[in-house]
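Below is one structure; the comments refer to it alone.
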Amino acid sequence: MTATENPPTYKWIGTRPIRHDGYDKVTGKARFAADLDLPGQLRGAYLRSPHAHARIVSIDTSAAEAMPGVKSVVTGADFPELAAKNPEHDVSVNVMARDTVLYHGHAVAAVAANTQEAAAAAAAAIVVEYEPLPALFTIDEAMAEGAPLVNETNFTKFVKSDEPSNLGTVTNLERGDVDEAFANADVVIEREFTTASVHQGYIEPHACVVDTGADGKASIWCSSQGHFRVRSSTAEVLGWDVSRIKVTPAEIGGGFGGKTTIYIEPVAVRLSEKAGRPVKIVMSREEVFRATGPAPASKVRARVAANKDGELIALDAWMAYNIGAFGGIAGLIGAMSVASYKFPNLRLEAYSVLTNRPKSAAYRSPSAPHAAFAIESVVDEIAQQLDIDPIELRLKNAAVEGDLTAMGMPHPRIGFIECLEAIRDSEHYRSPVPEGAARGIASGFWFNIGEQSSATVHLNEDGTATVITGSPDIGGSRASMALMAAETLGLDVTRITPLVADTESVGFTDTTEGSRTTFATGMAVVQACRELVDEMRARAATSMGVDLDAVEWVDGEAVAEGQDSMGIPAIAAQAKRTGGPLTATASLNASGAGPSFAVHCCDLEVDEETGHTKVLRYTAAQDAGTAIHPSYVEGQLQGGSVQGIGWALNEEYILNDDGSLDNASFLDYRIPVASDLPMIDTIIVEVPNPSHPYGVRGVGETGIVPPMATLANAISRATGVRLTSLPMSPPNVLRRLNER
Amino acid sequence: MRYAAPTSVDEARSLLVDNPGSRVFAGATDLIPQIRAGLPQPSVMVDLKRIERLTSVAHDGGVWTVGAATPTADLTANPEFTAMFPGLSEASGLIGSDQIQNRSSWGGNLCNASPAADSVPALVAAGAQVVIATDNGTRTAPVREIVTGPGQTSLADGEFVIEFTLTDPPAGTSDAYLRIIPRTEMDIAVVGAAVRLSLEGDTITAASVWLGAVAPTIVQVAEAEAALVGSTLDNGLINEDTLATMAEAASAACNPINDKRGTIEYRRQVAGVITKRAAAIAADRALNGASR
Amino acid sequence: MNRTHVSCTVNGDEVDFLTADGTSLLDALRDELGLTGVKEGCGTGDCGACSVLIDGKLNCSCLVFAPEAEGTEILTVEGIAEGDHLHPLQQTFLEGAALQCGICTPGFLVAAKALLDHNPDPSETEIRYALAGNLCRCTGYDKIIRSVHEAAVQLREVAK
Amino acid sequence: MPIVHLMTDHRRFTDGEAVIEVDGATVGAVITELERRYPGLGEALIHGSSAGVNGEVHSEPEYLAVGPDTDIYFVAPLAGG
């Protein structure tokens, strides 16, 4: 279903062609990073820290080096020390520990050998002497007065200080007079919320194949959301110029933010260099859980004040994000993500807190889900207490164009109201709540970003076109690029081949993150296609012998009065005579990314004897701006929703006392399985983004923001118990029900 | 490490006797992850699935003989077996995904000796016996005597289970198995409860109640059995007092641990819940089976 | 480690290969036979990305020792299409946008084929439980379930 | 003159002042002027912010032209997942 405001008429945009890369993916031909092998290739394996925090006293690799089949061994000593202020410093240390291990599973050494088994055996034969240091795992421990340092090289960002700290950022945002608002409020609800650390859970483990040459250059094939960032980060970690590295993106088996950074590539480069052979590293699932990803755990205290007619007059929140062993800005982003309601009075205090846990990574609207879980829960409780329909309460307070986000900037044109109305008017919301079940709704917001993109369009000699970008395709973006090119050129989408090129074959392009690819890279594609259209008009004018001004471009054809119109194949066929190959390139730093709001609705029932929650029905409405390929927009909404449902119900990092991960497998890190879920209905709301030629906002991330509160709000209505801690797993739910 | 696929019990026995550190397997669904996780590798991995007797299912003279390596998918797909042992069939069908079901077996589920094995409480409730290959012949033992602790069995070195035997349930007898898992599939039981009971008219004349995943080995809930025996169904339902007594007894019988799959408190509480639910299902089945 | 010579049929072709005895069938298919459509997501039987049919039965190839394949018939995602004619499941997955990143797709196709081979008219619940051993993190399963259902409809039409 | 809006975090350089009129034809010129007036603020803005101008967020906006009535909102740099 699509709710569209003044729909423009498009020929290709909004259609649902089969994605171009789909055929290879359903026949097993698609090449993911682990599917590539090079002649003479070695396999790499890691030794990882058995301590959450320890000084490395010594590393003895001699036994490993002497083992059969072992070709190279690397440790922290094989990488240059970067200055603490270097933006890649933390990545460098995370890739391979130097004198200190900072979390259980931190890479300490790596081996390349003829076989995976030989490499693993040799890694296990490396002898490391550790001197354990105090390890901190929770926000409370790390923020406690006099707490030992998690990481001696962390300095709080945006603050001038020479003292290392356990805080990555400290943020205060304030407007209005919060204390007075609370003093005058009719209703005040205050709750403390906690969320567990969760993993992105992409099904494909990190993998790369690296070859290094005698010319001192390295070629990397890898799974990544941004191969240009792989290039720059790897170069920095190695102390190299980027020109020494070529990165070719393989198909990527899921990322969700977790593949926006690097882990294995510089290690593979050094192993390959030292061995003089290609090296392949494929993480095990256990390594993925122990040493990559997770999104932060959090603790949020939220207090909301309202008038009795449901006007939300103030929000006062304290937020802390457990970001693992390295600096980061999760707390700042979390505070900035507070943007859904007008809240004339607002006070946010937010912290990014370091602990001896794996370095946290982005995960789909990073930091926003934690804040939304708290605020959407408290707002819902206000609606309950005032006996106001939860959508009506939100409609009354929803931010519109010109209202301020927490960071003080006015919203551009946004579609929050439209999303609320879409759910309010949906068949789902209008239908009675099933007996024994309860219904919940919640909303979510994410900014989306612009950043740099490049695109090249080649018109082939037969009139087909190739669209080349530098944006790894994690969810169907190639199909979107082809559709935007088809629309702009007036060319059948099946006559367009969209490609993702390596770092040497296309202009610089930022990572696929921040829901930016269809927006920003799409903008580059449209710009390149427009230039190509201008060039085709010029060539047609030459062929026709008329002035350029006399030629118009109409539905894929050059049209001039008194002349036979020329289609793209005819123009392509004339290319050599009219000036040579037809090609166009565009590069840009996109501004004007359009925020995307979402509103979710679910019906669920709770087994009050066992604490099980069963989601019976789920509907997600989200503002796409314009849905270029509606199937893949729906897919983003559905995928985000289900990741959120997993986050809400069962996913969590369970740490042992020593900081090791107790559930480093898909058996016990419980992402939703097909039988856990109902169909996920979607409503694509289209409030076009005025800053994009086709109105695109980007939809990749917001979908994960509302589900936790959506479910908690429904559970509250089902049981009378307000759950404030994630996951709402059966034991946790039953414990709270017992306390009733 | 060497792989061997004997085709007879004798051949398998010889491999085990001749190769210290060897190990039998059927589905390998636990063995391969254990090897991956760094547990010691067996000298010889003896694949039992090529021995016909170990993958055969026979029903003869009121006795079921089920090869120890028979895939559980074969059992759940067997309508005659499932009609007689619906609870045991559903317990067998809960061992992992469809993929796992084509590999998992009673023999493996039993001898892996996890306290959470789904089929074991149901097998014991059904009075199953195992035929064990010893170093010079065979011996028979009740299933409940095999597991002695987590990862521990009473099987001597070189012994392996050949087959399971079950006698047809008496008239008016049926069973049920329920488990608690966080999701709907793909999890290890947090608690499992098997109940088998017999009816004469509306009166329960025999009952067997066993719990999994709440102690180092499965646990019999004798008090629940005692509460059931002699009670009468009211409109086909076990009365509330009996259910409450059972639930309380089941909770009390638990000796669980806190782990990543559940807390002590949770396991105790839900053990009672699923025990009474399983009993209700078993009673309904016994009644409807008996009335047919 | 001992090595074993294995002969079997893979996607209709008789093949043989030499494998270390402890090697998984998954690694043998990928490394010895080049069938990299079979994916590893976990190596412990929890994600289903390595699903194959062995003698018509659905298996996680990561939980099978390669020597066990002796004499069997194996079907991988590479063998589902007949020549250049896609299997209805492949076609409905494409048309129904049942894949995003595509890493789980081979396993889902094989598992769905196993389901439809013995249950031509599964309910939504049956499809969901039959595919519970296959993890997908991108789609939320919705479009996969719909596509399997649609393929079942098409296969039943063909069978008529 | 362009009107600069500062996040709370940046107001510690301005003695709590949230909205400041600053001369400059580009965002970069505005930042330079802010640094001159409030030592440290310019550096903080260069290394830790994007700018919202005319409803669009710009990353690394130093050369972006601004008019006499343009509102400039300095916000933290964003990424995403």
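Here the protein sequences line up with chains A, B, C and D, keeping their order. Residue numbers in the first sequence follow this note's numbering, run continuously in steps of one, and reach 740 at the last position. Residue numbers in the second sequence follow this note's numbering, run continuously in steps of one, and reach 1032 at the last position. Residue numbers in the third sequence follow this note's numbering, run continuously in steps of one, and reach 1192 at the last position. Residue numbers in the fourth sequence follow this note's numbering, run continuously in steps of one, and reach 1273 at the last position. Glycine residues also receive a C-beta, built at the ideal position from the N, C-alpha and C atoms. None of these values were measured; they are calculated from a predicted model.
Examine the ligand NAP and report whether any of its heavy atoms sits within less than 6 Å of the Cβ of residue i.
| i | result |
| --- | --- |
| Thr61 (chain A) | This structure lacks the ligand NAP, and indeed carries no ligand of any kind. |
Please say whether residue j and residue i have beta carbons closer to each other than 7 Å?
| i | j | result |
| --- | --- | --- |
| His600 (chain A) | Pro706 (chain A) | yes |
| Tyr653 (chain A) | Pro294 (chain A) | yes |
| Glu925 (chain B) | Ala1164 (chain C) | yes |
| Arg790 (chain B) | Ala745 (chain B) | yes |
| Ser72 (chain A) | Ala399 (chain A) | no |
| Leu133 (chain A) | His53 (chain A) | yes |
| Phe904 (chain B) | Ala866 (chain B) | no |
| Lys1175 (chain C) | Ala1130 (chain C) | yes |
| Pro855 (chain B) | Ala953 (chain B) | yes |
| Ala916 (chain B) | Val930 (chain B) | no |
| Gly1044 (chain C) | Ile680 (chain A) | no |
| Leu1061 (chain C) | Leu1067 (chain C) | yes |
| Gly847 (chain B) | Ala809 (chain B) | yes |
| Ala320 (chain A) | Leu312 (chain A) | no |
| Ala1018 (chain B) | Leu951 (chain B) | no |
In this structure, what does DSSP give as the bridge partners for residue i?
| i | result |
| --- | --- |
| Phe32 (chain A) | A:Glu251 |
| Thr880 (chain B) | B:Val871 |
| Gly889 (chain B) | B:Gln892 |
| Ala946 (chain B) | B:Ser938 |
| Val188 (chain A) | A:Ala305 |
Please classify residue i: does DSSP put it in a helix, a strand, or coil?
| i | result |
| --- | --- |
| Tyr1173 (chain C) | coil |
| Tyr653 (chain A) | coil |
| Asp1048 (chain C) | strand |
| Lys299 (chain A) | strand |
| Asp623 (chain A) | strand |
| Glu163 (chain A) | coil |
| Ala598 (chain A) | strand |
| Phe1140 (chain C) | helix |
| Asp24 (chain A) | helix |
| Gln638 (chain A) | helix |
| Phe155 (chain A) | coil |
| Ser754 (chain B) | helix |
| Glu504 (chain A) | coil |
| Pro909 (chain B) | coil |
| Trp12 (chain A) | coil |
| Trp1025 (chain B) | Trp is not the amino acid found at residue 1025 (chain B); the sequence shown has Arg there. Three-state result, Arg1025 (chain B): helix. |
| Gly802 (chain B) | coil |
| Asp974 (chain B) | strand |
Smallest Cα separation from residue i: which of the options?
| i | options | result |
| --- | --- | --- |
| Ala422 (chain A) | A:Gly334, A:Asp492, A:Ile683 and A:Leu489 | A:Ile683 |
| Val786 (chain B) | B:Ala768, B:Val871 and B:Ile872 | B:Ala768 |
| Pro1152 (chain C) | C:Gln1186, C:Ala1113, C:Gly1139 and C:Glu1127 | C:Gln1186 |
| Ser894 (chain B) | B:Glu980, B:Ala1019, B:Thr874 and B:Pro909 | B:Thr874 |
| Glu1100 (chain C) | B:Ile772, B:Ser832 and B:His799 | B:Ile772 |
| Ser881 (chain B) | B:Val887, B:Thr888, B:Gln869 and B:Gln892 | A small correction: the amino acid at residue 881 (chain B) is Ala; Ser does not occupy that position in the sequence shown. The shortest Cα separation from Ala881 (chain B) among B:Val887, B:Thr888, B:Gln869 and B:Gln892 belongs to B:Gln869. |
| Ile928 (chain B) | B:Gly1029, B:Asp999, B:Val806 and B:Asp897 | B:Asp999 |
| Val209 (chain A) | A:Asn589, A:Arg31 and A:Phe666 | A:Arg31 |
Along chain E, in chain order, which residues have C-beta atoms closer than 7 Å to that of residue i?
| i | result |
| --- | --- |
| Val1010 (chain B) | Protein chains in the displayed structure are A, B, C and D, and chain E is not among them. |
*Just by C-beta distance, which residues in the stretch 899 to 932 of chain B are closer than 9 Å to chain A?*
Ile920, Ile921, Pro922, Arg923, Thr924, Glu925, Met926, Asp927, Ile928 and Val930
_Near-chain A residues of the stretch 991 to 1007 of chain B (beta-carbon distance less than 9 Å), N- to C-terminal order_ = Asp999, Lys1000, Arg1001, Gly1002, Thr1003, Glu1005, Tyr1006 and Arg1007
_Interface positions of the stretch 32 to 64 of chain A facing chain C (Cβ-Cβ less than 9 Å), listed along the chain_ = Phe32, Ala34, Asp35, Leu36 and Asp37
*Would you list, in chain order, the members of the stretch 1193 to 1216 of chain D that have their beta-carbon closer than 7 Å to a beta-carbon of chain A?*
His1197, Met1199, Thr1200 and Asp1201
*If you measure beta-carbon to beta-carbon, which residues of the stretch 1169 to 1186 of chain C are closer than 9 Å to chain A?*
Arg1169, Cys1170, Thr1171, Gly1172, Tyr1173, Asp1174, Lys1175, Ile1176, Ile1177 and Arg1178
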